[in-house]
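**Student:**
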Amino acid sequence: MTTFKKIFAAATAAATVGVLSLTSIPASAADITYNGPGEYALTANDDGSTVRVNIYNDWTTNKVKDIDPAQTVIDYIEVEFTITGLNGRTCNVNEDGTDADAYTMSLCGTIGTDKFWGKPDEDTTTPGTVSITGDGTYTVRTNLTQPADTVLCLLLSSNINFYQLGENVTGIADSGVNVTVNAIRTGDEAPAESGEGEGSTTTTTTGAGGGSTTTTTTTQKANSGSTSNNNSSNNSSKNNSSTSNSTTSTVTKTADAGVVAIVVGAAAAASLAAGAMTIKRKRK
Numbered sequence: 013m014t015t016f017k018k019i020f021a022a023a024t025a026a027a028t029v030g031v032l033s034l035t036s037i038p039a040s041a042a043d044i045t046y047n048g049p050g051e052y053a054l055t056a057n058d059d060g061s062t063v064r065v066n067i068y069n070d071w072t073t074n075k076v077k078d079i080d081p082a083q084t085v086i087d088y089i090e091v092e093f094t095i096t097g098l099n100g101r102t103c104n105v106n107e108d109g110t111d112a113d114a115y116t117m118s119l120c121g122t123i124g125t126d127k128f129w130g131k132p133d134e135d136t137t138t139p140g141t142v143s144i145t146g147d148g149t150y151t152v153r154t155n156l157t158q159p160a161d162t163v164l165c166l167l168l169s170s171n172i173n174f175y176q177l178g179e180n181v182t183g184i185a186d187s188g189v190n191v192t193v194n195a196i197r198t199g200d201e202a203p204a205e206s207g208e209g210e211g212s213t214t215t216t217t218t219g220a221g222g223g224s225t226t227t228t229t230t231t232q233k234a235n236s237g238s239t240s241n242n243n244s245s246n247n248s249s250k251n252n253s254s255t256s257n258s259t260t261s262t263v264t265k266t267a268d269a270g271v272v273a274i275v276v277g278a279a280a281a282a283s284l285a286a287g288a289m290t291i292k293r294k295r296k
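Heads up: the sequence shown begins at 13 in this note's numbering, then just goes up one per residue.
(1) Run through DSSP, which three-state label would ASN190 get?
(2) Report the CB separation of ASN104 from LEU177 in whole angstroms; it is logged as a contact under 8 Å.
(3) Alpha carbon to alpha carbon, how far is ASP87 from ILE184? Give it in angstroms, no decimals.
(4) With contact counted as at least three CB pairs below 8 Å, one residue from each stretch, are the stretch 59-77 and the stretch 141-149 in contact?
(5) Assuming TYR150 is part of the beta strand (DSSP E), what are its boundary residues?
(6) Can you tell which of GLY124, THR136, SER169 has its C-alpha closest to the C-alpha of ASP161?
(7) Can you tell me which of the three DSSP states TYR46 falls into?
(8) Does DSSP put TYR175 in a helix, in a strand, or in coil?
(9) Hey, quick one: how far does the beta strand (DSSP E) through VAL65 stretch, first residue to last?
(10) With 16 as the cutoff for other CB atoms within 10 Å, does THR8 come out buried or exposed?
(11) Looking at the unbroken beta strand (DSSP E) that takes in THR141, where does it start and where does it end?
(12) Could you pull out every residue in the same chain whose Cβ sits closer than 7 Å to the Cβ of THR192, ignoring the five residues on either side in sequence?
(13) Pick from ARG64, GLN158, TYR68, LEU156: whose alpha carbon is nearest that of THR45?
(14) Identify, in the order they occur along the chain, each residue of the same chain with its Cβ nearer than 8 Å to the Cβ of TYR52, setting aside the five sequence neighbours on each side.
(15) I'd like to confirm the pairing. Which residues does DSSP put opposite ARG197 in its beta bridges?
(16) Count the other CB atoms within 10 Å of the CB of ASP126; is the residue buried (16 or more) or exposed (fewer)?
What follows is the structure, given as structure tokens:
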């Protein structure tokens, strides 16, 4: 009875640690270096009255190149920014003094073949938008349809009428509003695969009383091949491959109290407990 209790306790502890480790893994992200703000980063939109921040815009007279356009962008593009100078306002105001549209900020641009300008007839994806409820720090994300290696244009575009932020405002420069880009992020690249398309991970678990178990997990690609979609205009690529996992296990025996800990692959502690209970019933 003591032997099976030891086995059950060791397996339960190992399984619990495994579950906690898996659930605590954060989403992977890659930072894009921001070198701004440039002289013309904070500006007006094409309407001449709402706030815009150019991050990379080579399509205007006053060019802004605050990031390197040669970027690997995967899954999404995300910008964290801080806005100040709203003077307690959270929406635009109509001519009669009533509240108009609530403040928002959108992440617009063109990355690879993806376009996100808030123009449904032309866009390939929808620009991310965040509500602006006053001075503070916000994060806005635009999801992409495919990976790319070139940023053609990227900017923050708002509906905030800066002429309404103060008295006798003549332009964005004397409106008091300011937007600071804190960080720019995208999805991280997938880890490189070995030449044979397979690899292994070996884990040794020490149980109660010093017993140890070595588990080797091997991941192997199936021979189903892969498909790829390439676009020569922006050198973007996306690969989908079918994989299958196979698991092999080796067991190391120790002589401590005659306990032999056996862990097959990533078997749950519950399964081992069920086995112990069955044996216990047979011995009654």
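Even glycine gets a Cβ: it sits at the ideal position worked out from N, Cα and C.
**Tutor:** Short version:
(1) Correct three-state label for ASN190: strand.
(2) Actually they do not touch by this definition, with Cβ atoms about 10 Å apart.
(3) 33 Å
(4) A contact between stretches requires three or more CB pairs, one per stretch, nearer than 8 Å, and the stretch 59-77 fails this requirement with the stretch 141-149.
(5) 148-155
(6) GLY124
(7) coil
(8) helix
(9) 62-69
(10) Outside the modelled stretch of the chain, which goes from 13 to 296, sits residue 8, for which no answer is possible.
(11) 140-143
(12) PHE93, THR94
(13) TYR68
(14) ASN66, THR72, ASN74, LYS75, VAL76
(15) ASP43, GLU90
(16) ASP126 should be labelled buried.
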